[in-house]
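Residue numbers (UniProt numbering), protein chains in the order written: chain A, 1 to 892; chain B, 1 to 187.
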């Protein structure tokens, strides 16, 4: 056993109330008091584990400090996935943190500490009316439980933050501890009201209340962090009393019996923490598994117990100068950390001889299966136990079922696409990113619109570690320099316009400042100093100027590409403008100035400039006036009034191909990756692959528009295959099939089928025009469903053409859902038969049967289809039939 | 919880002549879109002895402020020498950078400023009447004093003119004094 007290893990000497090791073991969080706020700090584990890393200045110790809580932080807890950190404090709030990839920055006013990682508060859970004392994530990370001084426990839906889904009322005193059952069936809480209560997660009702062992307890501890054993068999409480001595009470899951306890501490027990692993003495001792539990007490000591031993494995006396407040085991099982009121933390490392061998995950799962009849804790089996079910396998689909309809929601996003990802991927500049804009208000004061610093993508996982050889300290340039001799590099654009300040009239008057103290504080110190020195005017300030200014604005690598899609298919070609500008990705824009220089009598050249962050990257002169311009990250294309097309490399402006002669003046130009598409005034559409120098499409689009020009092209997207998807103003969307040599109708937002169906307001992706929603005309429920099915069919065929498996699956499931609802057994059977394929090799159908569709295995699709069908109990015979056949196939 | 967090302030053009404008480059993060502008102020403490010598160098509105990180440079004219007591012209004083939302101040950043003559001769024998044109200003930028105040950020609460409540605890001040002594010893 190794014991270490890292002196650098400190909240400047103030109490550390909570500690938690990240599931990946690379970092840990502490929570407690900051200077004038609550403080959460994330620390690197490597310098604790390895002395070499501790001495290496390139290995960061502090990764991030968050002083956002207004008052003391009582609990920090990582989600089981490690993606989020939850913190709760005396300010009644729970904050959820997530790692983002802003570069490291110095903590302002933090005395030179640098944040290596940037953790951002992604949600604030408000609801408690008193200090939050303890937190717990459910085993599947679906819920967070928080316990508070307001005598309640709140359950938050972490899949839809900040929704509070339950308030568990019953305690009559401060709730000081929370523990989830590892199986996910219960959550337990311990309170100053001398009770431990166990709540059911199925209906959030109280399962039981345990009072007897706590009758003699006084409210003497700051926290009562109880914990559940990893096998779910025992709940171990914090402070209990037995025969006048403090104990940790063992409460058995089976009947909530309270026969056993952990005895020996001299003062109240504040926290209990089980190693999340099950252990055994050696590989030979199969079946004799035991658990390991750490107990911290107000008597400043820590004891470690193995459930196989009657006496503690080890007791560490006087580990701290004050009460132990929290404990955390690493996921690996051999590391334990503790924190104390005295403001220090302790790190203890064990080896397998001391604790034993860790039981593998598979064995643990098997054990769970034996004990609780299910393999993992991911779903609460009990939730819908009331439904009459013929076959136990039916429980799963019934649970999954309700989530399927949510596939088709308003915005048409696929269920598979993580809502978080879609939220963070849409990064839009919310203000000027290259300059600040200054205007004047009516009263003559300046109003500044600040430079917006676009964030980088949030990291999906918090896997980045700071291992001992990690040089992130070197990678992250310290962006902080508090003083510099240089002047500001921010471009200030002064505008000669009068704006109203964004103030509501009621509060624009300044109230008497209550903060005069803060000013007084500094000046008093000044005065005192002067008096002490008796030499007021002679003090010399030595100011170090360090580093360079960081005024340059960070720009992102997010390439949001927009080309002017406003050009229409019309008879008239684009007209020649004197100058125009086209924005492009990566902070670039392209500026066109026709007739910029005259080179002879009535002979002019025309300039194309690439402007990057306000500076001209390159210029090109063209011989003919330019009428259109579009660009991707590779290539910028311009069309000229002499019906030619020219392509240049974005990087340096070099010409990629000789000028292409078009059949007529261009009316629509689009560049996407290395594809350039042009529509001419004659209705001719060409798409070229500029890198391969090949034509991928040459056809007419006149058939897609009206002869009178009332239907216009609204958008054009080029697929990976080099074929376009065109949307028109009549809400129709087409793509071209080169195999079939024709245009295919993909979608029609005005499709009567759609309006007749239940699926209004669904548009599958941005490439489909979505028309106005109209109220349904068909009131007959049956025809409505048939409409819906037909519409789903239309969509599926289009998506098959577009090679979009995920959306195809979504619509397939939608179709199946309606068919199951309507009880269309024959159609479902035929659909399932196709997905199942030939059961016997010899069968006739087998010859033409393809085992996959759009790269998805049909059998796997069938599995999902059966799950959807299972939502209708009427279909269970059919379901069972195919389930059995599917099983046979997989076994075969 | 505060909706706006000041992440960094860089003092630009420092050290500089007394007559040069102040320049602060401010980076802040906003957690939610703000309905109203932020109001930033630079206050020059003319004399530690009395607030009556405080000069508000400039006030600006900053807005609109959507959620995200933002940056701007706040430039203000130097203090008017005529308003500074003769005894306080040379030596250490304070410049304050404050920010308010809905008229409630939520952060105050204080910097110590040292004004002294660049000329060695003048340094040794300072003139009775301060020669402001020869004064150099040096802001002790590495050691800002940051004080945060709890204010009402809630847009739904329309009675929103409750006074800011100072949340600095008394021991916090003691600590500030102690660390300040250290920094003053450097001077």
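Backbone N, C-alpha and C define an ideal beta-carbon position, used for all residues, glycine too. Fair warning: this is a prediction, and the values are worked out from it, not measured in the lab.
Between residue 98(A) and residue 78(A) a beta carbon distance of about 11 Å is seen, past the 8 Å cut, so the two are scored as non-contacting. Straight across, the Cα-Cα distance linking residue 789(A) with residue 74(A) is about 54 Å. Residues of the segment 14 to 47 of chain B whose Cβ lies closer than 7 Å to any Cβ of chain A, in chain order: 14, 15, 23, 25, 31, 36, 37, 45. Interface residue (Cβ-Cβ distance to chain A less than 9 Å): residue 120(B) is not classified as such. If you compare the alpha carbons of 626(A), 185(A), 320(A), 438(A) with that of residue 61(B), the shortest gap goes to 438(A). For the segment 432 to 443 of chain A, the set of positions with a beta-carbon nearer than 9 Å to some beta-carbon of chain B reads 436, 438, 441 in chain order.
Three or more beta-carbon pairs separated by less than 8 Å are not found between the segment 84 to 98 of chain A and the segment 52 to 63 of chain A, which leaves the two stretches without contact. By the Cβ rule, the segment 217 to 224 of chain A counts as touching the segment 322 to 331 of chain A, because three or more pairs are nearer than 8 Å. Taking CB atoms only, residue 490(A) has a neighbour in chain B less than 9 Å away. Of the residues assessed, residue 791(A) falls on the buried side of the cut-off, its CB having 16 or more other CB atoms within 10 angstroms.
Using a Cβ-Cβ distance cut-off of 8 Å, the segment 333 to 352 of chain A and the segment 3 to 16 of chain A are in contact, since at least three pairs of beta carbons, one from each stretch, lie closer than that value. Against chain B, the CB of residue 247(A) has no partner CB under 9 Å away; the residue lies outside that interface.
The segment 21 to 104 of chain B is shown to contain whole beta strand (DSSP E) runs of 3 or more residues at 22 to 30, 38 to 45, 54 to 62, 68 to 76, 91 to 101, in chain order. The Cβ of residue 4(B) sits no closer than 9 Å to any Cβ of chain A. The beta-carbon of residue 81(B) is placed no less than 9 Å from the nearest beta-carbon of chain A. Here the alpha carbons of residue 72(A) and residue 14(A) stand approximately 10 Å from one another. Residue contact with chain A for residue 75(B): present (Cβ-Cβ distance below 9 Å to some residue of chain A). The continuous stretches of alpha helix (DSSP H) do not include residue 435(A), which lies in the beta strand (DSSP E) extending over residues 435 to 441. With fewer than 16 neighbouring CB atoms inside 10 Å of its own CB, residue 827(A) falls in the exposed class. Between the alpha carbons of residue 130(B) and residue 49(A) lies a gap of roughly 60 Å. In the DSSP secondary-structure assignment, residue 337(A) is bridged to 328(A), 347(A). The beta carbon of residue 134(B) sits no closer than 9 Å to any beta carbon of chain A.
In the pairwise beta carbon analysis, the segment 290 to 303 of chain A is classified as touching the segment 269 to 281 of chain A: at least three pairs are separated by under 8 Å.
Residue 43(B) is not a Cβ neighbour of residue 93(B), given a cutoff of 9 Å. Using a Cβ-Cβ cut-off of 9 Å, residue 12(B) counts as an interface residue toward chain A, since at least one Cβ of chain A sits closer than that to its own. For residue 164(A), the enclosing beta strand (DSSP E) has its first and last residue at 164 to 168.
Judged by DSSP in its simplified three-state form, residue 597(A) adopts strand. Looking at the backbone, the Cα of residue 625(A) and that of residue 576(A) are separated by about 7 Å. The closest CA to that of residue 155(A), considering only 174(A), 187(A), 149(A), is found on 187(A). Residue-level contact by beta carbon fails for residue 52(B) and chain A, as no gap is shorter than 9 Å. Out of 260(A), 713(A), 33(A), 52(A), the CA that lies nearest to the CA of residue 17(A) is found in 33(A).
Leaving aside the five residues that flank residue 138(B) on each side, the residues in its chain whose CB is nearer than 6 Å to its CB run, in chain order, 15, 114. For residue 808(A), the enclosing alpha helix (DSSP H) begins and ends at 805 to 822. Between residue 691(A) and residue 648(A) a beta carbon distance of about 14 Å is seen, past the 8 Å cut, so the two are scored as non-contacting. Here residue 123(A) carries a strand assignment [DSSP, helix/strand/coil]. Contact with chain B is found for residue 454(A), since one of that chain's Cβ atoms lies less than 9 Å from the residue's Cβ.
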